[in-house]
Amino acid sequence: MNWLDALAEASVRSMAQRTSRRSLLASLGALLIGGAALPLLPVARGAEPPRKGAAPNGGAKDKAAAKAAALQDPQSCDYWRHCAIDGYLCGCCGGSQHSCPPGTEMSAVTWIGTCHNPADGLDYVVSYNDCCGKSTCGRCLCNRNERDTPIYIPFQSNDYNWCSGSSKGNVAYHCSTARILGQAR
Amino acid sequence: MNWLDALAEASVRSMAQRTSRRSLLASLGALLIGGAALPLLPVARGAEPPRKGAAPNGGAKDKAAAKAAALQDPQSCDYWRHCAIDGYLCGCCGGSQHSCPPGTEMSAVTWIGTCHNPADGLDYVVSYNDCCGKSTCGRCLCNRNERDTPIYIPFQSNDYNWCSGSSKGNVAYHCSTARILGQAR
Amino acid sequence: MGCPSLCTLWAGAIAALTAAAATVAAPLPADPLSQVESLPLPPAPHWVWVNDFAFSHMANGKAMLVDGDSGRFLGELDTGFGAVRIVLSADGALIYSPETYFSRGTRGTRTDVVTIYDAARLAPVGEIEIPPKRSSNMPMIANAILTDDGRFLLIYNFNPAQSISVVDTRARTFVGEIDTPGCALAFPTGARAFFSLCADGALLKVRLDDSGRGVSQERTAPFFEVQTNPVTEKAVRRGDSWYFVSYDGTIYSVIIGRDGADLTAGPHWSLTSDSERAQQWRPGGLQQLAVHAGLNRLYAIMHRGGPETHKDPGREVWVYDLERHARVQKIPMQHDSGSILVSRDAKPLLFSIFIESNILDVYDAASGRHLRTVPDIGTTPTIMVGP
Amino acid sequence: MGCPSLCTLWAGAIAALTAAAATVAAPLPADPLSQVESLPLPPAPHWVWVNDFAFSHMANGKAMLVDGDSGRFLGELDTGFGAVRIVLSADGALIYSPETYFSRGTRGTRTDVVTIYDAARLAPVGEIEIPPKRSSNMPMIANAILTDDGRFLLIYNFNPAQSISVVDTRARTFVGEIDTPGCALAFPTGARAFFSLCADGALLKVRLDDSGRGVSQERTAPFFEVQTNPVTEKAVRRGDSWYFVSYDGTIYSVIIGRDGADLTAGPHWSLTSDSERAQQWRPGGLQQLAVHAGLNRLYAIMHRGGPETHKDPGREVWVYDLERHARVQKIPMQHDSGSILVSRDAKPLLFSIFIESNILDVYDAASGRHLRTVPDIGTTPTIMVGP
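Protein sequence lines, in the order shown, are assigned to chains A, B, C and D. Numbering (my numbering) for the first sequence: 1 to 185. Numbering (my numbering) for the second sequence: 1 to 185. Numbering (my numbering) for the third sequence: 1 to 387. Numbering (my numbering) for the fourth sequence: 1 to 387.
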């Protein structure tokens with residue numbers, strides 16, 4: 001399983017919501033530095049200094065407060081667990097960050113990321129299980145491509161519909177969760 | 001057949017494209033006066049003086065020229081034959097004002113209107129056969145409710161999907177045509 | 001490579017990444033696998049179901065459930081091609097959904113069913129096949145509706161022959177079809193009676209037996225004037241009265257007498273004053289009326305325009321006392337309103353949608369205060385139903 | 001009342017309305033009934049098929065045909081759930097479409113088929129059932145593709161086991177499935193050969209026999225570097241070369257040798273100069289490369305951004321001479337461009353779409369001049385194929 005080898009030391013797709021990607025990247029750069037001591041973890045790949053050309057932090061207190069709130073809001077693309085999500089947020093669809101909306105089924109196989117929780121300063125392994133069996137939810141699309149791989153490296157690719165792996169062979173994609181699997185070491 | 005009785009002296013749904021309905025109505029009022037000598041025809045119902053509150057004609061020559069061109073453009077909601085249409089214009093979907101796009105089937109039963117052709121000064125009975133068997137075309141939506149009736153008066157109602165009457169019992173609605181049946185007397 | 005071996009490897013990789021490390025702060029616990037939400041029953045009074053007709057992709061209609069108090073999206077049902085509405089059981093535990101499917105999406109064999117959903121799990125628990133002739137039209141409340149005792153589901157057919165399919169929700173069977181030539185839709189008037197609206201303005205009164213079969217039909221003389229100022233088919237019911245509104249804003253009522261068959265006309269009255277009519281105020285929209293039984297109030301979406309604007313949205317909802325036939329309130333709308341619903345409880349919410357946008361507006365029906373706007377409610381939201 | 005009697009009455013009513021009246025001007029003739037358009041064959045070189053993934057209603061994907069010269073919308077196919085692409089036969093007379101359906105729209109029994117359409121009538125003329133495991137992913141050209149002689153259709157499966165389904169388009173049968181563990185997609189290299197891309201950067205070379213069955217597999221050493229700067233799977237082909245581009249804009253080619261199995265690496269070269277790289281110019285998009293064989297040109301959508309922007313749209317298309325590996329042109333885009341295609345003829349058009357809008361832009365590929373913008377092309381247009 002070449003992609004599992006890759007996975008063990010792999011990069012993780014990280015935060016870059018299309019609609020506010022540039023502003024988000026600046027804050028991320030800083031966040032992820034907190035994970036720099038964990039060289040084998042995906043999150044370590046995020047430990048880059050803020051890049052040239054990234055939008056300068058406007059410095060407005062309101063902005064910073066809103067950003068901080070969003071980091072703890074499961075219905076926000078900026079929620080800390082969503083650092084490698086791609087799809088509609090189940091928290092906006094009748095589920096939550098770790099549960100599926102009524103009547104859908106959680107995919108058995110999916111892709112994972114490692115995210116930093118600013119509230120406790122810890123990094124967590126997060127599993128982005130899709131919820132399956134109904135049409136797309138259509139709410140809170142959160143689409144990021146940081147460290148996303150092409151589909152020939154499946155478990156790091158956000159271009160798959162992971163409902164494909166559902167036990168019922170039913171591929172209808174509804175939304176994506178962000179479950180904590182455990183603390184990252 | 002009560003609704004056929006009604007039909008014989010019936011009103012016809014006329015022009016009121018949602019997006020430019022108000023400007024359109026003013027011009028229609030004038031147009032339809034040409035049909036005032038035909039009291040039994042639907043078009044006669046249109047023979048009202050321009051109403052108070054209707055948008056005054058801006059008088060711009062460009063506007064008038066554009067309007068005149070649109071009256072002869074089968075892909076325009078303002079096309080003269082479309083005086084009672086409701087739906088996607090087949091002329092924008094791979095068909096024309098009197099033919100269905102490839103791979104669709106023309107509905108056998110539908111609703112009719114009577115429209116005035118400014119090019120020859122004649123009124124025509126127009127049949128708005130739907131084209132059926134594929135998903136909605138999604139182009140050139142033309143939605144009018146003038147003299148539209150509730151669905152308990154079916155053949156004057158634009159709230160039905162007329163693909164319901166297709167011989168294959170297949171209700172997928174794709175677009176609507178505007179076929180000339182003959183000159184109105 | 002199959003999933004069994006792959007999944008084992010996968011689990012191993014995850015275990016390697018998540019070995020429990022002692023830290024100063026107690027870390028957040030792991031989330032359970034395969035957790036799926038379910039809803040409390042009965043449904044809360046401030047929940048609302050919004051129908052998404054999905055006009056650009058009609059094969060994939062939806063019904064979407066929103067909590068009006070929080071604005072939270074609670075879940076959805078996929079309701080197939082040309083979805084008109086779902087119907088809630090009397091106890092709120094089940095949902096009946098008339099649905100149309102094709103073996104190849106938009107072509108192939110057509111199958112019409114009533115899907116029965118568990119209202120807590122929003123998952124199908126049964127299916128009743130019905131004749132594949134369910135009417136495809138702009139969604140109307142009277143397209144599918146339960147008899148007053150909640151037992152028989154009446155579904156309007158149009159192909160273009162007109163009939164009503166009767167489904168026994170208790171036995172979960174299709175009972176049969178009742179021809180209603182020249183007459184449309186179903187307006188229940190009792191446990192075993194309904195009427196359809198005929199093209200000449202008459203009512204076709206139909207009685208059912210206890211098995212749901214039609215046992216008698218009677219067609220009244222024209223009840224409504226249909227040529228110059230027809231009533232819309234978008235009626236609302238309060239107790240023993242169905243309220244219809246004409247294009248010009250006159251309210252006509254059908255009063256249900258003994259046994260649901262003795263139908264009489266109530267007094268008619270206008271939503272507008274002479275001066276308002278002169279200003280072309282009139283009702284409009286797709287679900288243009290709402291009613292609150294407890295408050296005895298009628299709500300109407302109002303705008304200014306000619307008779308051809310009878311489906312246009314409005315920016316005001318006018319509220320009437322149904323006893324005095326008097327307007328008691330005007331509620332300004334934040335956005336274009338094409339459909340309204342008022343919850344049944346004592347502190348009602350007023351919900352508003354419009355097919356050309358995809359938001360749900362929520363108001364306090366008593367004060368008229370705008371409480372919230374819920375975004376991203378489907379593609380082309382049409383009509384609403386509540387518990 | 002049934003349609004026969006109703007239709008007779010209906011015809012009578014119409015006859016009454018249309019009695020021929022003599023007038024001074026010759027009136028327009030009646031239009032024929034039931035006229036349905038069909039398309040000339042072979043397809044014109046400036047036609048383009050746009051895939052609508054319909055992300056908000058994935059059960060109703062479409063393929064839409066547009067004439068680039070006139071901007072006219074010529075027709076569409078409904079292509080089911082999670083539609084990736086259609087495949088045109090070598091002579092252009094048929095269209096092969098891998099499609100997924102459920103018995104109840106988005107639930108129930110899943111059926112995967114290759115629907116065969118008549119390309120003139122845009123109507124189904126055949127259907128081949130395939131295993132219900134077709135990969136559901138963002139549409140890629142290599143999801144479904146014909147062998148070089150046009151006989152075998154190769155379809156990528158992922159559930160998450162990986163394989164290729166082989167369909168014999170001549171016999172119109174499903175031949176079988178070829179396991180490709182750890183390797184994805186299909187890139188044909190001959191009449192009976194293709195390769196898949198493996199997660200470690202290797203190529204899995206597969207040979208077929210004349211019945212389409214896999215007869216040998218060989219996995220190369222890693223061919224591409226996948227950890228720091230992988231090539232995307234969005235390759236384009238010209239003659240005996242498949243051109244891949246990495247996240248940083250380096251072009252790598254796979255050169256097909258004798259019999260389609262002897263694959264070697266061509267020279268690699270960069271789309272960008274050192275100073276352009278310093279400015280973070282890089283390729284992006286969903287169908288980010290295009291090629292013109294006759295002109296020997298490669299086209300790439302370019303924008304400025306970090307490696308995580310490798311799927312971002314661009315506002316420029318840069319054009320390269322494939323022999324000299326030199327940029328020869330920059331074409332400014334009128335709108336965000338996420339996917340491009342260049343027609344094969346001597347006066348090629350450049351087509352551009354982007355999944356977040358629903359327009360098709362058409363350019364003269366030689367001059368770069370913007371010719372037209374065609375509106376209302378589906379809901380979420382993804383990739384394009386041409387004749």
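Note that beta-carbon positions come from the ideal geometry of N, C-alpha and C, so glycine has one too. Treat the numbers as computed from the prediction; the structure is a model and nothing was measured.
Three-state secondary structure assigned by DSSP to Glu356/C: Within the third sequence, numbered from 1, the residue matching residue 356/C stands at position 356. If DSSP states are grouped into helix, strand and coil, Glu356/C belongs with coil.
Local conformation of Arg45/B per DSSP, three classes: Stepping through the second sequence from its first residue, residue 45/B is reached at position 45. Note that Arg45/B scores a pLDDT of 25, beneath 50, so its modelled location is shaky and nothing firm can be said.
Buried or exposed (CB count within 10 angstroms, at least 16 for buried), Asn399/C: It is not possible to answer for residue 399/C, since the shown part of chain C is limited to 1 through 387.
Chain D residues whose Cβ lies nearer than 8 angstroms to that of Thr149/A: Along the first sequence, one-based indexing puts residue 149/A at 149. Residues of chain D passing the Cβ test: Val226, Pro230.
Pairwise C-alpha distance: Pro32/C and Asp123/A: As a first step, residue 123/A must be located in the first sequence, where it is residue number 123. As a first step, residue 32/C must be located in the third sequence, where it is residue number 32. Answer to the nearest angstrom: the Cα atoms are 18 angstroms apart.
Sequence ranges, beta strand (DSSP E) only - wholly within the stretch 68-126 of chain A, length at least 3: If only complete runs of 3 or more residues are kept, the stretch 68-126 of chain A shows the beta strand (DSSP E) at 86-88, 112-117, in order along the chain.
CB contact check: Lys61/B to chain D, cutoff 7 angstroms: Taking the second sequence and counting its residues from 1, the one referred to as residue 61/B is at position 61. Answer no: the Cβ-Cβ gap between Lys61/B and chain D never drops below 7 angstroms.
For Ser14/A, the three-state DSSP class (helix, strand or coil): In the first sequence, residue 14/A corresponds to position 14, counting from 1. Because Ser14/A carries a pLDDT of 24, less than 50, the predicted location of this residue cannot be relied on, and no value is offered for it.
Host beta strand (DSSP E) of Glu129/C (start-end): Start at 1 with the first residue of the third sequence, and residue 129/C comes out as number 129. Per DSSP, Glu129/C belongs to the beta strand (DSSP E) from 123-130.
Continuous alpha helix (DSSP H) stretch holding Ala202/D: start and end: Sequence index remark: in the fourth sequence, residue 202/D carries index 202 (1-based). DSSP places Ala202/D in no alpha helix (DSSP H); its state is neither H nor E.
Contact residues within the stretch 125-150 of chain D, judged by C-beta distance below 8 angstroms to chain A: Answer in chain order: Pro132, Lys133, Ser135, Ser136, Asn137, Met138, Met140.
Ser38/D at chain B interface by Cβ criterion, 7 angstroms: The sequence position of residue 38/D within the fourth sequence is 38, counting from 1. Taking 7 angstroms as the CB threshold, Ser38/D lines the interface with chain B.
Within-7 angstroms CB hit, Gly133/A to chain D: The residue labelled residue 133/A in the question sits at position 133 within the first sequence. Yes - at least one Cβ of chain D is within 7 angstroms of the one on Gly133/A.
Chain-order list of residues whose beta-carbon lies under 6 angstroms from that of Arg238/D (same chain, five-residue window excluded): Working through the fourth sequence from its first residue, we reach residue 238/D at position 238. These residues qualify, in order along the chain: Val291, Ala293.
Pro101/B beta carbon less than 7 angstroms from that of Glu308/D: Working through the fourth sequence from its first residue, we reach residue 308/D at position 308. Working through the second sequence from its first residue, we reach residue 101/B at position 101. The answer is no: Cβ separation not under 7 angstroms.
Under 7 angstroms from the C-beta of Phe73/C: neighbouring residues of chain A: Reading the third sequence from its first residue, position 73 is the one you call residue 73/C. The answer, in chain order, is Cys92, Cys93, Gly94, Arg139.
Best match in Trp162/A, Leu181/A, Tyr79/A, Cys83/A for proximity to Cys131/A [C-alpha to C-alpha]: Residue numbering aside, residue 131/A sits at position 131 when the first sequence is read from its first letter. Out of Trp162/A, Leu181/A, Tyr79/A, Cys83/A, Trp162/A has the C-alpha closest to the C-alpha of Cys131/A.
Contact list for the stretch 113-128 of chain B against chain D, Cβ threshold 8 angstroms: Residues Thr114, Asn117, Asp120, Gly121, Leu122, Tyr124, Val125, Ser127.
The stretch 216-229 of chain D contacting the stretch 274-286 of chain D, beta-carbon criterion three pairs below 8 angstroms: Under the 8 angstroms Cβ criterion, the stretch 216-229 of chain D does not count as touching the stretch 274-286 of chain D, having fewer than three qualifying pairs.
C-beta atoms of Ile256/C and Thr189/C nearer than 7 angstroms: Here the question's residue 256/C lines up with position 256 in the third sequence. Here the question's residue 189/C lines up with position 189 in the third sequence. Closer than 7 angstroms, so yes.
Supposed contact pair Phe174/C and Leu208/C - C-beta distance, whole angstroms, cut 8 angstroms: Here residue 208/C refers to the residue found at position 208 of the third sequence. Here residue 174/C refers to the residue found at position 174 of the third sequence. Not a contact, Cβ separation roughly 14 angstroms.
Straight-line gap, Ile377/D to Ser253/C (C-alpha atoms, nearest Å): Indexing the fourth sequence from 1 puts residue 377/D at position 377. Indexing the third sequence from 1 puts residue 253/C at position 253. In a straight line, the C-alpha of Ile377/D is about 46 angstroms away from that of Ser253/C.
Straight-line gap, Ser89/C to Met138/D (C-alpha atoms, nearest Å): Numbered from 1 along the third sequence, position 89 holds the residue referred to as residue 89/C. Numbered from 1 along the fourth sequence, position 138 holds the residue referred to as residue 138/D. Rounded to the nearest angstrom, the two C-alpha atoms are 40 angstroms apart.
Three-way DSSP call (helix, strand, coil) for Phe174/D in this model: Numbered from 1 along the fourth sequence, position 174 holds the residue referred to as residue 174/D. Of the three classes helix, strand and coil, the one that applies to Phe174/D here is strand, per DSSP.
7 angstroms CB neighbourhood of Tyr160/B in its chain, flanking five on each side removed: Locating residue 160/B in the second sequence gives position 160, where the first residue counts as 1. Cβ within range, chain order: Ile151, Pro154.
Distance CB(Ser165/D)-CB(Ile130/D) smaller than 7 angstroms: In the fourth sequence, the residue the question calls residue 165/D occupies position 165. In the fourth sequence, the residue the question calls residue 130/D occupies position 130. Their beta carbons are under 7 angstroms apart, which means Ser165/D touches Ile130/D by this criterion.
Residue span of the alpha helix (DSSP H) that contains Glu276/D, given as start and end: What you label residue 276/D is simply residue 276 of the fourth sequence in a count that begins at 1. Here the alpha helix (DSSP H) through Glu276/D covers 274-278.
Whole runs of the beta strand (DSSP E) within the stretch 36-63 of chain D, excluding any shorter than 3 residues: Complete beta strand (DSSP E) runs here, min 3: 47-52.
Cβ of Val43/A within 7 angstroms of any chain C Cβ: The residue given as residue 43/A occupies position 43 in the first sequence. Annotation note: pLDDT 27 at Val43/A (below 50); position unreliable, no value reported.
Chain C contact for Ile116/D (CB, 7 angstroms cutoff): Position 116 of the fourth sequence, counted from the start, is the residue given in the question as residue 116/D. Interface residue (Cβ-Cβ distance to chain C less than 7 angstroms): Ile116/D is not classified as such.
Paired residues, beta bridge with Met390/C - DSSP: Because chain C is modelled from 1 through 387, residue 390/C falls outside the range shown and cannot be assessed.
Stretch pair the stretch 111-130 of chain A + the stretch 141-156 of chain C: three plus CB contacts closer than 8 angstroms: With the cut-off at 8 angstroms, the stretch 111-130 of chain A and the stretch 141-156 of chain C do not touch.
Own chain, CB closer than 6 angstroms to His370/D, minus 5 neighbours either side, in chain order: As a working mapping, residue 370/D is identified with position 370 in the fourth sequence. Around His370/D: Gln334, Tyr363.
Residue of Asp118/C, Gly260/C, Phe187/C, Thr373/C minimising C-alpha distance to Phe73/C: Start at 1 with the first residue of the third sequence, and residue 73/C comes out as number 73. Of Asp118/C, Gly260/C, Phe187/C, Thr373/C, the residue nearest in Cα terms is Thr373/C.
Cβ-based neighbour list, Gly266/C, same chain, cut-off 7 angstroms, excluding 5 preceding and 5 following: Position 266 of the third sequence, counted from the first residue, corresponds to residue 266/C. If we look at Gly266/C and ignore the five residues flanking it on each side, its Cβ neighbours are Ser241, Ser253, Ile255.
Members of the stretch 147-175 of chain C that neighbour chain B once the beta carbon cut-off is set at 7 angstroms: Cβ contacts with chain B come from Phe158, Asn159, Pro160.
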